[in-house]
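Residue numbers (my numbering), protein chains in the order written: chain A, 1 to 320; chain B, 1 to 295.
First comes the structure, then the notes that go with it.
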Amino acid sequence: MKYVEFINNLIRKRVLETGNIVLFGQNITAGSCLSGLTKNLKVQKNGLIINTPNSENALCGIGFGLMMNKVPSIYFMKQQDFLLLGVEHLVDTYNFIRRNNPLTSFTIMTVVIDQGYQGLQSSLNNFGDFCSMARVPGFAITNRADGEQIINSRLVSPGFRIIGVSQRLFNQELLRVGKIYSNKESTLFQYTKGNKATIVCFNFSFPYGLELHNKLKERGVDSSLFSVNAATPVKWDRITQDLQKSKKLVVIDDSKSENLSCYNFLAEASEKCQMDNKIIVKRNFSGDWLSPNPDQLKINYDDIIAKLSSKSLKRQQYGL
Amino acid sequence: MRIRIGQMIVNEKIKKGEFKIPIHLALGHEAIAVAVDSIMRTEDQLVLSHRNIHYNLARIRSLKPQLDEYLLRKDGPAEGRLGSMNLANEKKNVIYASSILGNNFAVASGLALGQKVKRVKGVVIVVGGDGAIEEGSFYESMVFLKSNQLSSLVLIENNGWSLATRIKERRCDIDLQELSKSLNIRYAKLKGNDPYQYIEKLRMLRKYVLDNKAPLLLEVELATLGSWYLKTEECPGGKFVNYHSGPAPTINLSDGPRTENSVRDPVFVLEKYFEKNFLETTSQEILKNLKDEIR
Chain A
1 MKYVEFINNL IRKRVLETGN IVLFGQNITA GSCLSGLTKN LKVQKNGLII NTPNSENALC
61 GIGFGLMMNK VPSIYFMKQQ DFLLLGVEHL VDTYNFIRRN NPLTSFTIMT VVIDQGYQGL
121 QSSLNNFGDF CSMARVPGFA ITNRADGEQI INSRLVSPGF RIIGVSQRLF NQELLRVGKI
181 YSNKESTLFQ YTKGNKATIV CFNFSFPYGL ELHNKLKERG VDSSLFSVNA ATPVKWDRIT
241 QDLQKSKKLV VIDDSKSENL SCYNFLAEAS EKCQMDNKII VKRNFSGDWL SPNPDQLKIN
301 YDDIIAKLSS KSLKRQQYGL
Chain B
1 MRIRIGQMIV NEKIKKGEFK IPIHLALGHE AIAVAVDSIM RTEDQLVLSH RNIHYNLARI
61 RSLKPQLDEY LLRKDGPAEG RLGSMNLANE KKNVIYASSI LGNNFAVASG LALGQKVKRV
121 KGVVIVVGGD GAIEEGSFYE SMVFLKSNQL SSLVLIENNG WSLATRIKER RCDIDLQELS
181 KSLNIRYAKL KGNDPYQYIE KLRMLRKYVL DNKAPLLLEV ELATLGSWYL KTEECPGGKF
241 VNYHSGPAPT INLSDGPRTE NSVRDPVFVL EKYFEKNFLE TTSQEILKNL KDEIR
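Here it is, written out as structure tokens:
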């Protein structure tokens, strides 16, 4: 099953279980239905599905207005960069409404354009940017385990949040990997436990981390694999405790912002953990990153594996 | 009259520096606030902008809670957590107020959609100014309200100014009647500051939007009173300063509630209906009662 099909199934089931919900957004019931994300949506008799005009700012405010009138809603947004047009609502209107711990749900579910051939708009691929500016709860979906937990527990739960899905992963086979831990906020997931290396993935870089984990395993190196699904405050204890044992860290962050979500973690890890190896895989902006490009992180897995085998302190950066 | 005198008391306190928060007085805007308050029914919801003191005073019918909010006290309608520019009062159906121009049109659209989903037979009234209609969210919200057949009154207080800039200094003319026509939205205009006429007209407009499940754009021509001339080296004769926020230095409580002898001042318009002596006695009674209330 493809990533987008899986998420669509989860959404359809969840919204159908929810009374008087309003689903809205541009083209959500027309054309490709946001490349399949909103295909075949149905709501109960007292709910509503609206194929809206192209009015992102108003639509963000409308979700909050519905929330004030205790009507749950989901705004499906074709591209995360469209959210720039409604961003003031994430700050001003959300600040107004969150003073009283709202009991109604409003979710903006957006497709993060991290597919480099989309051109200029794909430079805004850091899901955490939108969450960070007003401490909006956010959840990036990368695989079956986090998708199931996030959609089932967060899509229509009280309060406001943004859920991001990766366009790059849309037509990829769904990554089926079991989790062994997630924090109660569903912003930090751990998938494997090993004592030879600690791999921490940010934004939508989980597939790279999983591949690295699998390659390490093939060579008899057991690693712990984590994914951080949002920029909103995360307690890093679970990861730093793991890192204190492994002493070898690989951080992978595929975002293109100046402020990366991983920096917060790295600051704490540097303070709390003695490391033999610290490898940071992130973007390298020395090339023409504004033109359409494959947008994949180029990772030399063999090199990383060799570095992780070394006992001396290494700090390496890899990039696009 | 009560809303005017209440604002003048607030103005005196602003002059003395009693508030830490910015306050936008609405001297001259009282007639439309009275009318909106008069026609609102239990199911109706009011959505305001940063200049909201007149509507809040009209809805709350007293001054002390408003002052408590401005002083960030727990006894304020929002427990001192909203101050002035965002002051909403859900118990009085003032659901939301925004300091961001145009932001509240979108939220009002969501409230109106919520009423439709819940089959509430009410009207959402959203208030903005002639500056806010320059924002994209105004147009976006009008399109949404019309497309989804939402009973709503979009009320534009046109005072001709956005902060220190006249309309003609900052943009081309926006003909709201033509704009409404292009969206097939009914348009109405009020001017003259006659509260009785305003109430009558607003009642009809409220009925129209409910019966027709439609938005209506209402332009209200008014003046924000409290301007003054500031003498500077460049302008020794005095530079005109339009009142925007903070103290209105030329408005003094001791001078009585009437500020201008023209229809720009709703208090002046009351002389059409009442003897001067009656208005004077009434204003003194109101002042005494308000002072007793806030003592």
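Glycine residues also receive a C-beta, built at the ideal position from the N, C-alpha and C atoms.
These numbers come from a predicted model, not from an experiment.
{"Asked": "Taking only three categories from DSSP, how would you classify serine 182 of chain A?", "Found": "strand"}
{"Asked": "Closer than 8 Å is the cut-off here; do at least three beta carbon pairs connect the region 299 to 309 of chain A with the region 216 to 227 of chain A?", "Found": "yes"}
{"Asked": "Is it buried or exposed for threonine 232 of chain B, if we count other Cβ within 10 angstroms and need 16 for buried?", "Found": "exposed"}
{"Asked": "Give the DSSP-derived three-state secondary structure of arginine 176 of chain A in the structure shown.", "Found": "coil"}
{"Asked": "On a Cα-Cα basis, can you pick out the residue from B/Arg119, B/Gln149, B/Thr259, B/Glu43 that is closest to glutamate 90 of chain B?", "Found": "B/Glu43"}
{"Asked": "Are the beta-carbon atoms belonging to leucine 155 of chain A and isoleucine 97 of chain A less than 8 Å from one another?", "Found": "no"}
{"Asked": "Run down chain B in chain order and give the residues with a C-beta less than 9 Å from the C-beta of cysteine 273 of chain A.", "Found": "Neighbours of cysteine 273 of chain A on chain B: none; closest Cβ ~41 Å, over 9 Å."}
{"Asked": "Tell me which residues share the same chain as isoleucine 21 of chain A and place their Cβ nearer than 6 Å to its Cβ, disregarding the 5 neighbours each side in the sequence.", "Found": "Val15, Val43, Gly47, Pro72"}
{"Asked": "Does any CB atom of chain A fall closer than 8 Å to the CB of serine 182 of chain B?", "Found": "no"}
{"Asked": "Could you tell me the alpha carbon to alpha carbon distance between alanine 66 of chain A and phenylalanine 204 of chain A, rounded to whole angstroms?", "Found": "The question names alanine, yet the displayed sequence has leucine at residue 66 of chain A. Distance between the alpha carbons of leucine 66 of chain A and phenylalanine 204 of chain A: 30 Å."}
{"Asked": "Does the contact criterion of 3 or more C-beta pairs under 8 Å hold for the region 264 to 275 of chain A versus the region 168 to 178 of chain A?", "Found": "no"}
{"Asked": "Based on the DSSP secondary-structure assignment, which residues constitute the bridge partners of leucine 225 of chain A?", "Found": "A/Thr192, A/Ile199"}
{"Asked": "Might you give, ordered along the chain, the residues of its own chain that have their beta carbon closer than 6 Å to the beta carbon of serine 141 of chain B, omitting 5 neighbours on each side?", "Found": "Phe105, Ala106, Ser109"}
{"Asked": "When you compare only the Cα positions, how much space is there between asparagine 69 of chain A and glutamine 115 of chain A?", "Found": "37 Å"}
{"Asked": "Since glutamine 115 of chain B meets chain A, which of its residues come closer than 7 Å, beta carbon to beta carbon?", "Found": "Asn69"}
{"Asked": "Are the CB atoms of isoleucine 39 of chain B and arginine 186 of chain B nearer to each other than 8 Å?", "Found": "no"}
{"Asked": "Could you name the residues that DSSP lists as bridge partners for threonine 107 of chain A?", "Found": "A/Ile74, A/Arg161"}
{"Asked": "Roughly how many whole angstroms lie between the Cα atoms of leucine 299 of chain B and serine 152 of chain B?", "Found": "This structure cannot speak to residue 299 of chain B, because chain B is shown only from 1 to 295."}
{"Asked": "Excluding five sequence neighbours on each side, which residues of the same chain lie with their C-beta closer than 6 Å to the C-beta of valine 267 of chain B?", "Found": "Arg4, Pro257, Arg258"}
{"Asked": "If you drop the 5 nearest sequence neighbours on each side, which residues of the same chain put their C-beta closer than 7 Å to that of glutamate 5 of chain A?", "Found": "Gly36"}
{"Asked": "Terminal residues of the continuous alpha helix (DSSP H) containing proline 207 of chain A?", "Found": "206 to 218"}
{"Asked": "Per the DSSP calculation, serine 166 of chain A is bridged to which residue(s)?", "Found": "A/Val112"}
{"Asked": "What residues of chain B sit near glutamate 88 of chain A, judged by a beta carbon separation below 8 Å?", "Found": "Ile100, Asn103"}
{"Asked": "Should alanine 33 of chain B be counted as a contact of the ligand ZN given a C-beta to heavy atom distance under 7 Å?", "Found": "The ligand ZN is absent from the structure shown, which contains no ligand whatsoever."}
{"Asked": "With 16 as the cutoff for other CB atoms within 10 Å, does glycine 86 of chain A come out buried or exposed?", "Found": "buried"}
{"Asked": "Against chain B, does alanine 269 of chain A count as a neighbour if the rule is that its beta carbon must be under 8 Å from one of theirs?", "Found": "no"}
{"Asked": "The region 125 to 144 of chain B: which residues have C-beta closer than 7 Å to a C-beta of chain A, in chain order?", "Found": "Gly136, Ser137, Glu140, Ser141, Val143, Phe144"}
{"Asked": "Would you tell me roughly how many angstroms separate the C-alpha atoms of proline 292 of chain A and valine 250 of chain A, rounded to the nearest one?", "Found": "28 Å"}
{"Asked": "Under 8 Å between C-beta atoms, does arginine 295 of chain B make it to chain A?", "Found": "no"}
{"Asked": "Within the chosen definition, does the region 250 to 260 of chain A reach the region 204 to 214 of chain A through at least 3 CB pairs nearer than 8 Å?", "Found": "yes"}
{"Asked": "Could you check whether the Cβ of leucine 10 of chain A sits closer than 8 Å to any Cβ belonging to chain B?", "Found": "no"}
{"Asked": "Examine chain A for any beta-carbon lying closer than 8 Å to the beta-carbon of alanine 214 of chain B, and answer yes or no.", "Found": "no"}
{"Asked": "Within this structure, are the beta carbons of threonine 110 of chain A and isoleucine 151 of chain A separated by less than 8 Å?", "Found": "no"}
{"Asked": "On the DSSP bridge list, what partners appear for tyrosine 96 of chain B?", "Found": "B/Val47"}
{"Asked": "When you compare the CB of tyrosine 96 of chain B with every CB in chain C, is at least one pair closer than 8 Å?", "Found": "Note that chain C does not occur in the displayed structure, where the protein chains are A and B."}
{"Asked": "Which two residues bound the contiguous alpha helix (DSSP H) that contains glycine 28 of chain B?", "Found": "That residue, glycine 28 of chain B, is in no alpha helix (DSSP H); it is neither H nor E in DSSP."}
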